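S.K.: Numbering (this note's numbering), first residue to last: 936 to 995.
Cβ coordinates follow ideal geometry from the N, Cα and C atoms, glycine included.
Please read these numbers as outputs of a predicted model, since none were measured by experiment.
Before I ask anything, here is the structure I am working with.
Below, the structure is given as structure tokens:
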């Protein structure tokens, strides 16, 4: 192999590693956002249920 081939291989390896890390970071971000959205949805449902219960208690 020539020096150019070695350099090209090293650059390709670094690029592949950078792409892998970026994809992993994006996947983690998507997962965290999905978990947050799910928790928020459950929290809103609970707030709505609590509000309905309070209104039923106040009704004559």
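(1) Note down the Cα distance separating residue 953 from residue 960, rounded to an integer number of angstroms.
(2) With a threshold of 8 Å on Cβ separation, who are the neighbours of residue 963 within its own chain once the five nearest residues in sequence on each side are excluded?
(3) Measuring only the C-alpha atoms, how far is residue 973 from residue 939?
M.R.: By the coordinates alone:
(1) Those two C-alpha atoms are separated by around 10 Å.
(2) Here the set comprises nothing.
(3) Roughly 51 Å between the two C-alpha positions.
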